[in-house]
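Chemist:
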Amino acid sequence: MSSVLPAPDMARALSRIAHEICERNNGSQSITLLGIPTRGAHLARRLAALIETIEGQPVQVGTIDTTLFRDDLRMKAPRALMPTSIPSLGIENRTVVLVDDVLFSGRTIRAALDALGDIGRPAKVQLAVLIDRGHRELPIRADFVGKNIPTAIAQSVKVLLTETDGIDDVQISSEEGK
Amino acid sequence: MKHLLSIADLSREEAISVLDTAMHMAKASDTPMKKLPTLRGRTIVNLFAEDSTRTRISFEAAAKRLSADVINFSAKGSSVSKGESLKDTAQTLQAMGADAVIIRHGASGAPARLADCQWMSGAVINAGDGTHEHPSQALLDAFTIRKHLGQGREDLQGIRIAIVGDVLHSRVARSNVLLLTKLGAHVTLVAPPTLLPVGVESWPVSVAYDFDAVLESVDVVMMLRVQLERMSELFFPNAREYSRYFGLNSARLKKLHPGAIVMHPGPMNRGLEITAESADSARSVIIEQVTNGVSVRMAILYLLLAGDTSIEAGA
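Residue numbers (the numbering used here), protein chains in the order written: chain A, 1 to 178; chain B, 1001 to 1315.
1. Terminal residues of the continuous alpha helix (DSSP H) containing THR162 of chain A?
2. Between the alpha carbons of ALA1015 of chain B and ALA1026 of chain B, how many angstroms are there, rounded?
3. Does GLN1289 of chain B pass the burial test, meaning 16 or more other C-beta atoms within 10 Å, or should it be called exposed?
4. Is there a C-beta anywhere in chain A that falls below 8 Å from the one on ILE1311 of chain B?
5. If you run the structure through DSSP and keep just helix, strand and coil, what is LYS158 of chain A?
6. Any beta-carbon of chain B closer than 8 Å to the one on PRO165 of chain A?
7. For the candidate residues A:LYS147, A:CYS22 and A:THR108, whose alpha-carbon lies nearest to that of PRO58 of chain A?
8. Work out the CA separation of PRO1204 of chain B and TYR1242 of chain B for me, nearest whole Å.
9. Figure out for me which residue from A:PRO150, A:LEU127 and A:GLY56 has the closest Cα to the Cα of ILE140 of chain A.
10. At a CB-CB cut-off below 8 Å, which residues of chain B make contact with THR84 of chain A?
11. List the whole-angstrom C-beta distance separating ALA1062 of chain B from ARG1297 of chain B, where the pair is believed to meet the contact cut-off of C-beta under 8 Å.
12. Let's test the definition: count the other Cβ atoms within 10 Å of the Cβ of PRO37 of chain A and tell me whether it reaches 16, buried, or not, exposed.
13. For a quick check, are the C-beta atoms of GLY1122 of chain B and ARG1104 of chain B less than 8 Å apart?
14. Quick one: is MET1033 of chain B near chain A, going by C-beta distance under 8 Å?
15. Quick one: what does DSSP say GLY40 of chain A is sitting in, helix, strand or coil?
16. I'd like to confirm the pairing. Which residues does DSSP put opposite THR95 of chain A in its beta bridges?
17. In the DSSP assignment, what residue or residues form a beta bridge with SER85 of chain A?
18. With a threshold of 8 Å between beta-carbons, can LEU1005 of chain B be considered close to chain A, or not?
19. Give the range of the beta strand (DSSP E) segment to which ILE1125 of chain B is assigned.
20. Hey, VAL1080 of chain B and ASN1046 of chain B: beta-carbon distance below 8 Å or not?
21. Please check the pair ARG94 of chain A and THR32 of chain A, which I expect to be a contact at CB under 8 Å, by giving their CB distance rounded to whole angstroms.
22. Taking Cβ-Cβ distances shorter than 8 Å, what residues in chain A pair up with PRO1037 of chain B?
23. On the three-state DSSP scale, how would you describe VAL4 of chain A?
24. Just to make sure I have the definition right: I need the residues of chain A whose C-beta is within less than 9 Å of the C-beta of SER1017 of chain B. Which are they?
25. Starting from GLY1236 of chain B, follow the alpha helix (DSSP H) in both directions and report where the run begins and ends.
26. Measuring straight from C-alpha to C-alpha, what distance separates ASP1009 of chain B and LEU1179 of chain B?
27. Looking at the structure shown, is GLY146 of chain A part of a helix, part of a strand, or coil, going by DSSP?
28. Starting from LEU73 of chain A, find everything on chain B with Cβ-Cβ shorter than 8 Å and list it in chain order.
29. Using a Cβ cut-off of 8 Å (strictly closer), state whether GLY62 of chain A contacts chain B.
30. Mind checking which residues open and close the alpha helix (DSSP H) that includes ALA1260 of chain B?
31. Would you kindly report the start and end of the unbroken beta strand (DSSP E) that includes HIS1186 of chain B?
32. Any idea what DSSP makes of MET1268 of chain B, helix, strand or coil?
33. Along the chain, where does the beta strand (DSSP E) that runs through ALA1100 of chain B open and close?
34. Please classify GLY177 of chain A: does DSSP put it in a helix, a strand, or coil?
35. Using a Cβ-Cβ distance under 8 Å, would ASP118 of chain A count as near chain B?
36. Using a Cβ-Cβ cut-off of 8 Å, state whether THR1291 of chain B counts as contacting chain A.
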């Protein structure tokens, strides 16, 4: 495993994403951040805190679990469900910014878009990810990217966060994988 | 976990994962769009060889909320009433491509027979077999108890539960004793000696014959239906005497401590094991049990059908 985004770099990347989100949306009035559990949810809370300091007002932040909407459930062992919590203003006519740790095949994001559609109709949906590792299987792209990391498909990319893993880091396995 | 036949097959962790999944399912059902696409294209057969309202409808609602196709099949009005065997029925269902069979049967062990033989490849879910088990009912009861009295804990440690009435004929009681004690609750069976099964002393429970003596010390009173249809002999002198000693009435309701709840798996014999005032009182969570039943059954269907159960979780 080698480290590709140590803690100080991760902090800078998140801070930049927070500024970009505010810039793109003319502030934070219209946005609702929704993190995809587990690590996307923590990242969404961090981004919300950063945006609050930039804009000086509270930001709508929540989580959205995509498990029940995935198209690859049958290929894996049964997965545990994670909480979905939609903040007070809902998503109707809001600009929803989905937040995840790694963008890979794009299937999680497709599932998240389906999950959103069942809750309401956002005015816009944007996507913020910490790592874009390529290998898309669907026509999905991120609006805000912490770092692009070219990878081989067999490699694994692991985002570590203090909330879940005790440290902030992004690690990538060697070419052979595992 | 490929089938759900008995609570005895579930580990404590698996039981808790069903309850946790049910909690998320309850939340997901609380949105304007109740239908989830998770089991689209799956076929679930409700094979009910015995009467049922709640369980059949509850499983049907759960399957439909997860977008599965449901085929209802009851013994009355099908070839079973012409004498078709369980094997032929199972093979028919297999030929139609059933991914899961939810079976209720008067014979204890019928679901296990269906799961163990090679007649069909789908998942088998026991929805009540004879006087053996009714695992989904126990899971929804545990879910309801945890929601009211769990104080945020994952199990039922230290909660005191009285299961009252016709334990002998009750598959609900058997599944509940196994599950509730597995989750750390203390269970007391309250029944006339004639309605307790042989060998009850080997169960991990206390037994009491005096209902009034246990009322003040329990958090949950779970009333059981007196199963008159299974009674071929006389188990108690008459209905009035049974209600006097083992029925839940307003006088007994008043003796319960403030946070205690009243449960009944349904259908109720109002006036026999439970009076109307007790069934409709503020302590009663009987209607809520039905609502929770749908969430718990969604969780069961999700865990058995959505993923590939031949792969170990966490692998």
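Even glycine gets a Cβ: it sits at the ideal position worked out from N, Cα and C.
Note that the structure is a prediction, hence the values are computed from the model and not measured.
Modeler: According to the data block:
1. Working through the first sequence from its first residue, we reach residue 162 of chain A at position 162. Element bounds for THR162 of chain A: 162-165.
2. For the purposes of this step, residue 1015 of chain B is taken as the residue at position 15 of the second sequence. For the purposes of this step, residue 1026 of chain B is taken as the residue at position 26 of the second sequence. Each residue's alpha carbon lies about 17 Å from the other.
3. Residue 1289 of chain B sits at position 289 when you count from the first residue of the second sequence. Buried.
4. For this step, residue 1311 of chain B is matched to residue 311 along the second sequence. Taking Cβ atoms only, chain A reaches closer than 8 Å to ILE1311 of chain B, which makes this a yes.
5. Your numbering for residue 158 of chain A matches position 158 in the first sequence. LYS158 of chain A falls in the strand class under three-state DSSP.
6. Position 165 of the first sequence, counting from 1, holds the residue named residue 165 of chain A. Pro is not the amino acid found at residue 165 of chain A; the sequence shown has Asp there. No, ASP165 of chain A does not count as interfacial toward chain B.
7. Walking along the first sequence from the start, residue 58 of chain A turns up at place 58. The residue with the shortest Cα to Cα distance from PRO58 of chain A is A:CYS22.
8. Counting from one through the second sequence, the residue named residue 1242 of chain B turns up at place 242. Counting from one through the second sequence, the residue named residue 1204 of chain B turns up at place 204. Whole-angstrom Cα-Cα distance: 26 Å.
9. Taking the first sequence and counting its residues from 1, the one referred to as residue 140 of chain A is at position 140. When each option's Cα is compared against that of ILE140 of chain A, the closest is A:LEU127.
10. For the purposes of this step, residue 84 of chain A is identified with residue 84 of the first sequence, where counting begins at 1. Those within 8 Å of THR84 of chain A in chain B are HIS1024, LYS1027 and ALA1028.
11. The count along the second sequence starts at 1 and reaches residue 1062 of chain B at position 62. The count along the second sequence starts at 1 and reaches residue 1297 of chain B at position 297. So it is a contact: roughly 4 Å between Cβ atoms.
12. Taking the first sequence and counting its residues from 1, the one referred to as residue 37 of chain A is at position 37. So PRO37 of chain A counts as buried.
13. Stepping through the second sequence from its first residue, residue 1122 of chain B is reached at position 122. Stepping through the second sequence from its first residue, residue 1104 of chain B is reached at position 104. Their beta carbons are not under 8 Å apart, which means GLY1122 of chain B does not touch ARG1104 of chain B by this criterion.
14. Against the second sequence, residue 1033 of chain B aligns to sequence position 33. Chain A, which has a Cβ nearer than 8 Å to the Cβ of MET1033 of chain B, makes this yes.
15. For this step, residue 40 of chain A is matched to residue 40 along the first sequence. DSSP places GLY40 of chain A in helix when its eight states are reduced to three.
16. In the first sequence, counting from the first residue as 1, residue 95 of chain A sits at position 95. Partner(s): A:ILE31 and A:LYS124.
17. Your numbering for residue 85 of chain A matches position 85 in the first sequence. DSSP, once it has assigned bridges, lists A:THR63 as partnering SER85 of chain A.
18. Locating residue 1005 of chain B in the second sequence gives position 5, counting from the first residue. It does not; no Cβ of chain A falls within 8 Å.
19. Here residue 1125 of chain B corresponds to residue number 125 of the second sequence, with the count starting at 1. Taken as a continuous stretch (DSSP letters only), the beta strand (DSSP E) holding ILE1125 of chain B covers 1123-1129.
20. Within the second sequence, numbered from 1, the residue matching residue 1080 of chain B stands at position 80. Within the second sequence, numbered from 1, the residue matching residue 1046 of chain B stands at position 46. Cβ atoms of VAL1080 of chain B and ASN1046 of chain B: not closer than 8 Å.
21. Indexing the first sequence from 1 puts residue 94 of chain A at position 94. Indexing the first sequence from 1 puts residue 32 of chain A at position 32. With 8 Å as the limit, ARG94 of chain A and THR32 of chain A qualify as a contact, their Cβ atoms being about 5 Å apart.
22. Here residue 1037 of chain B is taken as the residue at index 37 of the second sequence, counted from 1. Residues of chain A passing the Cβ test: LEU68, PHE69 and ASP114.
23. As a position in the first sequence, residue 4 of chain A is number 4, starting the count at 1. VAL4 of chain A: coil per DSSP, three-state reduction.
24. Within the second sequence, numbered from 1, the residue matching residue 1017 of chain B stands at position 17. What SER1017 of chain B touches in chain A: PRO78 and ALA80.
25. For the purposes of this step, residue 1236 of chain B is taken as residue 236 along the second sequence, with counting starting at 1. The sequence shown places Phe at residue 1236 of chain B, not Gly. Taken as a continuous stretch (DSSP letters only), PHE1236 of chain B belongs to no alpha helix (DSSP H), as it is neither H nor E.
26. For this step, residue 1009 of chain B is matched to residue 9 along the second sequence. For this step, residue 1179 of chain B is matched to residue 179 along the second sequence. Computed Cα separation, rounded: 10 Å.
27. In the first sequence, the residue the question calls residue 146 of chain A occupies position 146. DSSP places GLY146 of chain A in strand when its eight states are reduced to three.
28. If you number the first sequence from 1, residue 73 of chain A lands on position 73. Going along chain B in sequence order, the residues near LEU73 of chain A (Cβ under 8 Å) are THR1038, ALA1306 and GLY1307.
29. Here residue 62 of chain A corresponds to residue number 62 of the first sequence, with the count starting at 1. False, the Cβ-Cβ gap to chain B never drops below 8 Å.
30. Counting from one through the second sequence, the residue named residue 1260 of chain B turns up at place 260. ALA1260 of chain B -> no alpha helix (DSSP H), and no H or E assigned at all.
31. If you number the second sequence from 1, residue 1186 of chain B lands on position 186. HIS1186 of chain B -> beta strand (DSSP E) spans 1186-1190.
32. For the purposes of this step, residue 1268 of chain B is taken as the residue at position 268 of the second sequence. Note: MET1268 of chain B maps to coil in three-state DSSP.
33. One-based indexing of the second sequence puts residue 1100 of chain B at position 100. Where ALA1100 of chain B is concerned, the enclosing beta strand (DSSP E) stretches over 1100-1105.
34. Reading the first sequence from its first residue, position 177 is the one you call residue 177 of chain A. With a pLDDT of only 46 at GLY177 of chain A, under the threshold of 50, the placement of this residue in the model should not be trusted, and no figure is reported.
35. Here residue 118 of chain A refers to the residue found at position 118 when the first sequence is read from its first residue. Judged by the 8 Å Cβ criterion, ASP118 of chain A is in contact with chain B.
36. By 1-based counting over the second sequence, the position of residue 1291 of chain B is 291. Judged by the 8 Å Cβ criterion, THR1291 of chain B is not in contact with chain A.
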